[in-house]
Amino acid sequence: MYSNLIKEIENKPVQLVAVSKTRTNEAIMSLYHQGQRIFGENRVKDMEQKYEDLPKDIKWHFIGHLQSKKVKYIASFVEMIHSVDSIKLLEEINKQAQKHDRTIKVLLQFKIAREESKYGLQINDIIHYLNTNEYEQLSHIEIVGVMGMATFTHDKNQIRNEFKQLKNIFENLKSNSFQSKDSFKEISMGMSGDYHIAIEEGSTILRIGSLLFQ
Ligand SMILES: *Cc1c(COP(=O)(O)O)cnc(C)c1O
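Heads up: take any position in the sequence shown, counting from 1, add 101, and you land on the numbering used here.
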């Protein structure tokens, strides 16, 4: 339930993205009326529709795999894109943000799970890219951190180890590529089933859906 979760995390340095994918406007508004303003969607069409229908002070976070050719549909309003899993996508987000004269916050997604289905960047590729002129010229994105999803398993040790991996990647990038950037500070990890572990391992953004909408 929403209010229980909010009580649980109110003294912790984490933000909550309420994952509203597949939920009705009515269900979303029920959380809105309890104070929630950050919502997460994983499909472009659904996010566009909800942006149209719902209050304009909602901050929309995109959390699913995003095809480059679809960035243009959300670039005018999306607050943060959690799921940057290729350099091509990063460059396209910059291009579309520029058209709207805005800066879009992004997280670099890494594959920490053992599942084949999950997307993510390779750490060496991105460190290399962050040293290039191409990257220097991306003036309409701000890379504010990293994102990852743990394997869907009951093995808590495995989940904890995967979150530790993501935290290590964050620290690595922080000291290699973002030393002077205070805005590089977010670790987006933790869902309904594993958010306790994620908080213990240093999450700063929880992405929680099913638990909130029960
Ligand atoms: C659906 C989803 C979530 C939320 O999952 P729940 O188990 O419903 O809390 C978090 N992150 C991503 C990327 C998702 O697709």
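Glycine included, C-beta positions come from ideal geometry on N, C-alpha and C.
- Assign I182 to one of three DSSP states: helix, strand, or coil. Looking at I182 - three-state DSSP - the assignment turns out to be strand.
- Query: For ligand 1, is there a heavy atom less than 7 Å away from the beta-carbon of M77?
  - Reply: Outside the shown range of the chain (102 to 315) lies residue 77, about which nothing can therefore be said.
- Item | R308 beta carbon less than 8 Å from that of S289 | It is a contact, given that the beta carbons lie within the stated cut-off.
- Check K261 in the structure and name its three-state DSSP category. First, the residue type needs correcting, since residue 261 is Arg and not Lys in the sequence shown. Of the three classes helix, strand and coil, the one that applies to R261 here is helix, per DSSP.
- Query: Roughly how many angstroms separate the alpha carbons of Q135 and N105, rounded to a whole number?
  - Reply: Computed Cα separation, rounded: 12 Å.
- Query: Fully enclosed by the region 221–260, which beta strand (DSSP E) runs are 3 residues long or longer?
  - Reply: Secondary structure in the region 221–260: the beta strand (DSSP E) runs of 3 residues or longer, each lying completely within the stretch, are 242–248 in chain order.
- If you check the beta carbons only, do T59 and E216 fall under 8 Å apart? The shown model of the chain, from 102 to 315, leaves out residue 59, and the question about it has no answer.
- Which residues in the same chain have their Cβ closer than 8 Å to the Cβ of V245, if we skip the five residues on either side of it in sequence? The answer, listed in chain order, is M181, K206, V207, L208, S284, F285, K286 and E287.
- Measure from the alpha carbon of N277 to the alpha carbon of each residue in A299, I300, Q315 and L231, then state which is nearest. Ranking A299, I300, Q315 and L231 by Cα distance to N277 puts L231 first.
- Message: For a minimum of 3 consecutive residues, which ranges assigned as the beta strand (DSSP E) are wholly contained in the region 152–218?
- Response: Within the region 152–218, the runs of beta strand (DSSP E) that reach at least 3 residues and sit entirely inside it are, in chain order, 160–163, 181–185 and 205–210.
- Message: If you measure between the beta carbons of D226 and Q210, is that distance less than 8 Å?
- Response: Taking 8 Å as the Cβ cut-off, D226 and Q210 do not qualify as a contacting pair.
- Query: Any chance the CB of R144 is under 7 Å from a heavy atom of ligand 1?
  - Reply: No.
- Item | Rounded C-alpha distance that separates E111 from V118 | Straight-line spacing of the CA atoms in E111 and V118 works out to 14 Å.
- Query: Since S311 is in the alpha helix (DSSP H), which residue starts that stretch and which ends it?
  - Reply: Counted as a single uninterrupted DSSP element, the stretch harbouring S311 is not any alpha helix (DSSP H), since DSSP gives it neither H nor E.
- Item | Distance between beta carbons of K219 and M248, contact taken as under 8 Å | Not really, about 11 Å apart at Cβ, beyond 8 Å.
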